[in-house]
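Numbering follows the UniProt record's numbering, in which position 125 of the sequence shown is assigned residue number 125; successive positions increment by one, without gaps. For each residue, glycine too, the CB sits at the ideal point set by N, CA and C. The structure appears below as structure tokens.
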Amino acid sequence: MMEDCTNDRLKTPVLVLNRSYEALSITRMRRAVILLWLGKAEIVESFKWQIHSSTMAFDSPSIIRLQSYIHLRRPAIPLTRKNIMKRDGYSCQYCGIKGVPMTCDHVIPKTRGGDDSWGNLVCSCMVCNNRKGNRTPKEAGIKLVRKPKRPHYFFMFRSNFNIPDDRWRSYLFLN
Ligand SMILES: [Zn+2]
């Protein structure tokens, strides 16, 4: 039914949301259009271009939402140095530098009551780590690039995660 489309466009990634609007998975345009056509999903965000078959034109979805709720049990993401670095894209969360040796830094130092948690551990370059020392960011006069949070589980399965559409960000807790 979609023979007029280029294969490239049918391979465009589409974000699939649960009925609850929670991000569930990423599929391809071809499958997303079929889900829409079967009435199993609705469009949340679409691209400006359309998909044409010989007889019909379809809006091309970027984000779809399933009509029924899918129960998923997901393993907790282990809090490890590696996963902290991965969440932060191997970039220093104080100065933004990339491609230099990194360490994990407690935003609130342990000696000051900071804990080992997603919200208190960030990837930091050695320079910032030394400069900050045993101080809070406020005391050291440095600001975090972004507030550290528990990452979305997608990130643990995709090492080079490129967001194809900025509208995905709010569903992936990247804002
Ligand atoms: Zn730094």
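According to DSSP, is residue i part of a helix, a strand, or is it coil?
i, result
"L24", "strand"
"W118", "coil"
"M56", "coil"
"P109", "coil"
"R9", "helix"
"N18", "coil"
"residue 177", "Given that the chain is displayed from residue 1 to residue 175, the structure contains no residue 177 and the question cannot be resolved."
"C92", "coil"
"S68", "coil"
"I84", "helix"
"K132", "helix"
"residue 179", "This structure leaves residue 179 out entirely; the chain is present only between 1 and 175."
"V145", "coil"
"P137", "helix"
"I63", "strand"
"I77", "coil"
"I34", "helix"
Below 8 Å on the Cβ atoms is my guess for residue i versus residue j; work out the distance and round it to an integer in Å.
i, j, result
"I64", "V44", "6 Å"
"C123", "I142", "Wrong, their Cβ atoms sit about 14 Å apart, outside the cutoff."
"L17", "R28", "Actually they are not in contact, since the Cβ atoms of L17 and R28 sit about 16 Å apart, beyond 8 Å."
"P13", "Q93", "Actually they do not touch by this definition, with Cβ atoms about 27 Å apart."
"T80", "I108", "Wrong, their Cβ atoms sit about 20 Å apart, outside the cutoff."
"S25", "S46", "That pair is no contact at about 18 Å."
Alpha carbon to alpha carbon, what distance is there between residue j and residue i?
i, j, result
"G99", "K82", "15 Å"
"N120", "L72", "28 Å"
"L35", "A41", "6 Å"
"R74", "Y171", "17 Å"
"P151", "I51", "33 Å"
"G113", "E22", "33 Å"
"M85", "N7", "35 Å"
"F58", "W118", "41 Å"
"I77", "R87", "11 Å"
"D105", "R169", "25 Å"
"E3", "W37", "Any reading at E3 needs caution, since the residue's pLDDT is 48, under 50, leaving its predicted position unreliable; the model's value is listed next. Rounded to the nearest angstrom, the two C-alpha atoms are 16 Å apart."
"Y153", "V33", "25 Å"
"Y90", "S68", "37 Å"
"K48", "S62", "10 Å"
"L134", "R146", "The sequence given here has Asn at residue 134, not Leu. Between N134 and R146, the C-alpha separation is close to 20 Å."
"S54", "I163", "31 Å"
"D165", "L66", "19 Å"
"L15", "R30", "12 Å"
"L111", "P101", "A small fix is needed here, since residue 111 is Thr in this sequence, not Leu. Rounded to the nearest angstrom, the two C-alpha atoms are 24 Å apart."
"R19", "I97", "38 Å"
"E139", "R131", "11 Å"
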